[in-house]
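One structure is given below, encoded as structure tokens.
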Amino acid sequence: MTEYHDPSNVVNPEHGEHHIVTPAIYMMVFGTLLLFTALTVVAAYIDLGVFNPIVALGIASFKAVVVILFFMHVKYQSRLVKLTVGAGFFTFLVLITMTLSDYISRAWGLW
Amino acid sequence: MDNAIVATHPHTHETAVHAEHEHVSLPQHRHHFETEDQQREAATFGMWLFLLTEIMFFGGMFFAYLLYRNWYYDAFVVGSNQLSIPLGTANTAILITSGFFMALAVWAAEVKKRGLLVIFLILTTLFGIAFIGVKADEYHEKWEKHHIPGASFDVAEFVNPHAYGLKEQPLAPDMAQKVQIYFFLYFAMTGMHALHMLIGLGLLGWLTWRAYRGEFSAGYVAPIENFGLYWHFVDIVWLFLFPLLYLINRHPLH
Amino acid sequence: MSATSSTIVNLPDQRTARLPKRNYINNEDGLLSWLFTGDHKRIAILYLISITFFFFVGGAFAGLIRLELLTPQPDLVASDTYNKFFSMHGIIMVFLFLVPSVPATLGNFLMPIMLGARDLAFPKVNLLSWYLYWLGGLVILGAMVMGGVDTGWTFTTPLSTHYLNTHVVTAAMGVFILGFSSIFTGLNFIVTIHRMRAPGMTWFRMPLFVWSHYAASILMVLGTPVLAITLVLVALERLVGIGVFDPTKGGDPLLFQHLFWFYSHPAVYIMILPGMGVISEVISTFSRKRVFGYTAVAFSSVAIALFGFFVWAHHMFIMGVSNYSALVFSLLTMLVAVPSAIKIFNWAFTLQKGSITFETPMMYAFGFLGLFTIGGMTGVFLGALGMDIHLTETYFIVAHFHFVMVGGMLMAFLAGIHFWWPKMTGRMYPESLSKLAAVTTFIGFNLTFLPQFILGYLGMPRRYHAYPPEFQVLNVLSTAGATVLGVGYMLPLLYLGWSLKYGAIAGNNPWQATGLEWQIQSPPLTENFVEIPVIDYEAYDYEWLAHKTANEVTTVG
Chain A
415 MTEYHDPSNV
425 VNPEHGEHHI
435 VTPAIYMMVF
445 GTLLLFTALT
455 VVAAYIDLGV
465 FNPIVALGIA
475 SFKAVVVILF
485 FMHVKYQSRL
495 VKLTVGAGFF
505 TFLVLITMTL
515 SDYISRAWGL
525 W
Chain B
108 MDNAIVATHP
118 HTHETAVHAE
128 HEHVSLPQHR
138 HHFETEDQQR
148 EAATFGMWLF
158 LLTEIMFFGG
168 MFFAYLLYRN
178 WYYDAFVVGS
188 NQLSIPLGTA
198 NTAILITSGF
208 FMALAVWAAE
218 VKKRGLLVIF
228 LILTTLFGIA
238 FIGVKADEYH
248 EKWEKHHIPG
258 ASFDVAEFVN
268 PHAYGLKEQP
278 LAPDMAQKVQ
288 IYFFLYFAMT
298 GMHALHMLIG
308 LGLLGWLTWR
318 AYRGEFSAGY
328 VAPIENFGLY
338 WHFVDIVWLF
348 LFPLLYLINR
358 HPLH
Chain C
-7 MSATSSTIVN
3 LPDQRTARLP
13 KRNYINNEDG
23 LLSWLFTGDH
33 KRIAILYLIS
43 ITFFFFVGGA
53 FAGLIRLELL
63 TPQPDLVASD
73 TYNKFFSMHG
83 IIMVFLFLVP
93 SVPATLGNFL
103 MPIMLGARDL
113 AFPKVNLLSW
123 YLYWLGGLVI
133 LGAMVMGGVD
143 TGWTFTTPLS
153 THYLNTHVVT
163 AAMGVFILGF
173 SSIFTGLNFI
183 VTIHRMRAPG
193 MTWFRMPLFV
203 WSHYAASILM
213 VLGTPVLAIT
223 LVLVALERLV
233 GIGVFDPTKG
243 GDPLLFQHLF
253 WFYSHPAVYI
263 MILPGMGVIS
273 EVISTFSRKR
283 VFGYTAVAFS
293 SVAIALFGFF
303 VWAHHMFIMG
313 VSNYSALVFS
323 LLTMLVAVPS
333 AIKIFNWAFT
343 LQKGSITFET
353 PMMYAFGFLG
363 LFTIGGMTGV
373 FLGALGMDIH
383 LTETYFIVAH
393 FHFVMVGGML
403 MAFLAGIHFW
413 WPKMTGRMYP
423 ESLSKLAAVT
433 TFIGFNLTFL
443 PQFILGYLGM
453 PRRYHAYPPE
463 FQVLNVLSTA
473 GATVLGVGYM
483 LPLLYLGWSL
493 KYGAIAGNNP
503 WQATGLEWQI
513 QSPPLTENFV
523 EIPVIDYEAY
533 DYEWLAHKTA
543 NEVTTVG
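Protein chains in written order, with the numbering used here: chain A, 415 to 525; chain B, 108 to 361; chain C, -7 to 549.
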């Protein structure tokens, strides 16, 4: 450690106190992921009408969030990392929704 | 591609973010960082930024999928029903397991257990290879049935499913041609995903070798940690691909 | 020499001045020490040489274009060849020159120093970025040598996927590789800015140059991958023929344009933001005054980056997007002009009551202020749907983007090169020749591109090499201007090269500027700082600088 160490350059995430995610947590996450995989397959065979894709994407998103928070440690990371992950998905959503705005409104016809 | 500055080993750009902290002597502290914590955080942040580029990269294809699924829903249903649910589900479980072992590998590095680290990395690799094997089998089946997009794409099964023993609605010929778009997206998205897995498997081999030599069980965990981020990301892409490609409409037909 | 009222240049006594004994240039010898360096300053110089080379290649194509356009008949080259000229001109100038120009040269060189760091976060990734630049550049040159590509730099479908048999895939792969070069540069900058600032260097003490690079880097990291996947899809469409952009197979060619412009609009902000950062530094220094409204300028950089993601379909108004969508994008386009205007106003207020001198960087900066304003305003004209229907795909667009890119960005790049040349090389360039070059480029630029606004308004389409004879006068004016412009750009190549051996020794701070880079030797040490500084003063603090200079002891290097 030099005397010039600037604390703002290290935000003390898990590694500051060296928070180590335990295998127990990983096993719970693992089980959850497998469970929800089975759920999504079962749900695909039930006719939920327009909700089928919503349920499928919802389950997939839930699984992704779980992987991000626990397998990828984001729950225990700095605000910067959390913001970064959010920024990535935000930009992805901008791409999807704004491009979609063109395709959806084409069917509305001229004024 | 080779970056000869790191004279000991080659690496691709995917690894450059975490690999370049390799130093001949321990600790692998680089002179331009004040502390090792700063270096480790910078590496993790850098890897996340790289993963953001991957989100946007796959994002383009996800949009194309969204558009054409809306435009040609019937064709997408028929195409999706050509895929095998048991194989797809099994592959999802395999990949989740591979990710589970990767998370455990990171834990083993953090608690400095070399033996466990190597075992978990090997298990991660094995399940990854299993995934690719199943995928190869699925691709092969599509090849046999002439469902690979291109000049030899065969729509007979979609126009006249009953003749092939399939419980599907028959498609008009022009909608049947749109199944080619479904399969294009299937191969493009799972193919791009598989490419990322192959790159990851290559890196895993290299990291396993270095782990065996004890490079990551003395406190320097950044490469394992950051590769884990990459591997989990590839897993997440599959978690979305599976329902989107395999589970479009599996309701029993009346 | 002391500062007079007409110049702020303050050089050490030339009879006794020497370059510092140890600096990043002579620290290690040999070609390999340069080709395998991790030093951000050396990589910056490598980039500078590289982009200069490609600039002149792209410029040669521009010359050929203007040569053909001297006459209304298509008499110099065949139509396909002409298409290849403007395609190569665009691809090279956008991807091989403008996108990396300021970030990869000045950004790489200066950012760690401005932040008080010893290097960027990932030096090897930085070097990789330069190698990827060359790999992409060679692939594109290869496409050119093999016969060229004639899709325009925009690779529009279905022309690029179905109606051409030129080297589209090769060129697309070259651009794909260049995209990664850009991504890695941006990634490096973001991590460095977040995690490697010196003690006391808070976000709002950073030079505005850093803020603008931060904003541009966000665009590089988030936007470029979409271009990458788009080019992959084009390549697959050509190679396999699956129909993702083919209407006969159910695809939508407009999907390509949505994905392409999702990157390519933010790309124009990637190109201009670093230039705006340079202008902030130059205007402040040559007005001896802190930048007016620091916070506004900093936030407007980030705002440009953010809003820049929401406007891309204004490149597609006539292509078949729905009217409602066009309406939304038009409105957002009006909004995105606001942060840019905020910057112009802030720079103008920086000048007000400042102590202004007209050294070469300041001349280029003034050129920027006027020309970028014109270019930006014509962009707003184009954002209005009614105007765009008539003006799009005409020379009005060509003039618009050349005003912002050349009158804006290239002038800012030259301002930056001249401003930091003494820091990078330890030598001053010859001031009278450089002023001549600046004036020449300004005159040449206006002569080249002002007529093009009129041509576009009168209806001359872009990318055509034949036109109605009544447009010839304006075209001849434009070509004459291009010749003058070419001379103006050759001059810096010559006198900057000359200055490396014969230029005056610059000393640490020939401009008496604020900023950490001016507190260290010229050229800097490899490790930048002997001791990492601790910052307890704001940016652009000229009183702090005056106090420090009065109290410091200068030693000869």
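From the three backbone atoms N, C-alpha and C, an ideal C-beta is built for every residue, glycine too.
Here the structure is a predicted model, which means the values were calculated and not measured.
Within this structure, are the beta carbons of residue i and residue j separated by less than 9 Å?
i, j, result
"B:F207", "B:L351", "no"
"C:V232", "B:F291", "yes"
"B:A182", "B:K285", "yes"
"C:P414", "C:P502", "yes"
"B:A318", "B:A216", "yes"
"C:W304", "C:F237", "no"
"B:M163", "A:T436", "no"
"C:L200", "C:G269", "yes"
"A:T451", "B:T199", "yes"
"C:F78", "C:I57", "yes"
"C:K241", "C:G139", "no"
Would you mind working out which of the options sits nearest residue i, comparing C-alpha positions?
i, options, result
"C:T370", "C:F321, C:M326 and C:I0", "C:M326"
"C:I497", "C:L439, C:S79, C:Q513 and C:N157", "C:Q513"
"C:M80", "C:H186, C:P95, C:A52 and C:P66", "C:A52"
"A:V526", "B:A197, B:F152, B:K252 and B:R320", "Outside the shown range of chain A, which is 415 to 525, sits residue 526 of chain A, and nothing can be said about it."
"B:M299", "C:G507, C:L228 and C:G178", "C:L228"
"C:L23", "C:R14, C:I35, C:I296 and C:M212", "C:I35"
"C:G400", "C:V202, C:F441 and C:H382", "C:F441"
"B:H339", "B:H139, B:E322, B:L190 and B:W155", "B:W155"
Any beta carbon of chain C sitting closer than 9 Å to that of residue i?
i, result
"B:G309", "no"
"B:H269", "no"
"A:S475", "no"
"B:T297", "no"
"B:F291", "yes"
"B:H138", "yes"
Given this structure, state the Cα-to-Cα distance separating residue i from residue j, to the nearest angstrom.
i, j, result
"B:H130", "B:G307", "Confidence in B:H130 is poor, its pLDDT being 39 and thus under 50, which makes the residue's placement too unreliable to answer from."
"C:V141", "C:H159", "5 Å"
"A:M512", "C:A318", "11 Å"
"C:M136", "C:L246", "27 Å"
"C:I348", "C:S332", "23 Å"
"B:L133", "B:E143", "With a pLDDT of only 46 at B:L133, under 50, the local geometry of the prediction cannot be trusted, and no value is derived from it."
"C:I37", "B:G222", "46 Å"
"B:I355", "A:D461", "11 Å"
"B:K220", "B:P330", "16 Å"
"C:N467", "C:L61", "6 Å"
"A:E467", "B:I192", "Reading the sequence as shown, one finds Pro at residue 467 of chain A and not Glu. Cα to Cα, the separation comes out at about 16 Å."
"C:M106", "C:L383", "43 Å"
"C:A207", "A:G500", "17 Å"
"B:I226", "B:W214", "12 Å"
"C:G108", "C:R189", "6 Å"
"B:E248", "C:G55", "55 Å"
Is the Cβ of residue i closer than 9 Å to any Cβ of chain A?
i, result
"B:V218", "yes"
"C:S314", "yes"
"B:I331", "no"
"B:Y179", "no"
"C:S317", "yes"
"B:E148", "yes"
Distance cutoff 9 Å, beta carbons only. Does residue i sit that close to anything in chain B?
i, result
"A:V495", "yes"
"A:V499", "yes"
"C:M188", "yes"
"A:S492", "yes"
"A:G523", "no"
Report task. Return the chain-ordered ranges of every alpha helix (DSSP H) run that is complete within the segment 7 to 60 of chain C and spans a minimum of 4 residues. Result -> 23 to 27 and 32 to 60
Requested in this report: Identify every run of the alpha helix (DSSP H) within the segment 141 to 208 of chain B, keeping only runs that are complete inside it and at least 4 residues long; order them along the chain.
Outcome: 143 to 178 and 180 to 188
Query raised in the report: Enumerated in chain order, which unbroken segments of the alpha helix (DSSP H) with a length of 4 residues or greater are wholly contained in the segment 293 to 366 of chain C?
Result: 315 to 343
**Report entry** Segments of 3+ residues assigned as beta strand (DSSP E) that fall wholly inside the segment 415 to 475 of chain C
**Finding:** none
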